[in-house]
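Below is one structure; the comments refer to it alone.
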Amino acid sequence: DSGVTQTPKHLITATGQRVTLRCSPRSGDLSVYWYQQSLDQGLQFLIQYYNGEERAKGNILERFSAQQFPDLHSELNLSSLELGDSALYFCASSLGGAGTTGELFFGEGSRLTVL
Amino acid sequence: AQKVTQAQTEISVVEKEDVTLDCVYETRDTTYYLFWYKQPPSGELVFLIRRNSFDEQNEISGRYSWNFQKSTSSFNFTITASQVVDSAVYFCALRGNNDMRFGAGTRLTVKP
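Same order as they appear, the protein sequences are chains V and C. Just so you know, we're using the numbering used here here: the first sequence kicks off at -15 and counts up by one. Just so you know, we're using the numbering used here here: the second sequence kicks off at 173 and counts up by one.
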């Protein structure tokens, strides 16, 4: 158990809909990262937050947005969903932000299926 | 820009064989960290090892060993006497001044 909690574990929805994925980092971790893993694909970095502030942005679509709240949990919002958004979405946390050495601890992922 | 290349998409071995997973990276950062993660069929990502750019000592942990060569920008992972439970996708990752970037992964299948 990594200590990172993601909900929901599975989600099935239709094209055009909007969903929110939630992540609670490990106790004490200030950074939250979101990654997308499509079928048989590697991990694509989406976005990173550190203590409530956006720190780094990857290949995140404009239809996607995220935020980190004062209690450090984070939400990833996916809107106007398309079939190609079907993927496993991972949240990870680490103690520090950019420039720190720590490994990321990953949640179990949220599997999104868009029909 | 940071980049991690895992040229081996899939590897299949028979149990007890040794296997090496290759990882080549690119970065302009002078200080960086390299990682290996394992993703078993159950889907979670399991941290295996972290190395910093100033420490080129090889590391051994049980049947696992890692060879870091800065001169060739490589951080290879060897599993000795592979077992069926080693079957998984293995990701190499690089962390510099910003986010952590992952390679495409190598799917290892160990057959009994």
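All C-beta atoms, glycine included, are put in the ideal place defined by N, C-alpha and C.
- Against chain V, the beta carbon of D271(C) has neighbours under 9 Å at Y17, F29, I31, Q32, R39, A40, K41, G42 and A82, listed in chain order.
- The three-state reading of DSSP puts L72(V) in strand, counting E and B together.
- Excluding residues up to 5 positions away in sequence, I(-4) and S70 lie with their Cβ nearer than 6 Å to the Cβ of T97(V) in the same chain.
- Within the same chain, and ignoring the five residues on either side of S63(V) in sequence, the residues whose Cβ sits closer than 7 Å to its Cβ are R2 and R47.
- Taking a C-beta distance under 9 Å as the contact criterion, K41(V) and Q32(V) qualify as a contact pair.
- Residue-level contact check: E231(C) does not touch chain V, since none of the beta carbons of chain V fall below 9 Å from its beta carbon.
- When CB distances to chain V are screened at a threshold of 7 Å, the residues of the region 202 to 224 of chain C falling below it are Y205, F207, G215, E216, L217, F219, R222 and N224, in chain order.
- The beta carbon of F247(C) does not come within 9 Å of any beta carbon belonging to chain V, so the residue lies off that interface.
- For A276(C), the neighbours in chain V by C-beta distance under 8 Å run, in chain order, Q25 and G26.
- In the three-state DSSP reduction, L67(V) falls in the helix class (H, G or I).
- Within chain C, the residues placing a beta-carbon under 9 Å from that of L88(V) are F207, Y209, L217, F219, A265, R267 and M272, ordered along the chain.
- By the neighbour-count criterion, in which 16 or more other beta carbons inside 10 Å mark a residue as buried, R267(C) falls on the buried side.
- DSSP lists Y33(V) as the bridge partner or partners of E38(V).
- Against chain C, the CB of F74(V) has a partner CB under 9 Å away; the residue lies at that interface.
- Runs of the beta strand (DSSP E) lying entirely within the region 203 to 270 of chain C, each at least 3 residues long, are 205 to 211, 218 to 224, 231 to 233, 236 to 241, 246 to 251 and 260 to 267 in chain order.
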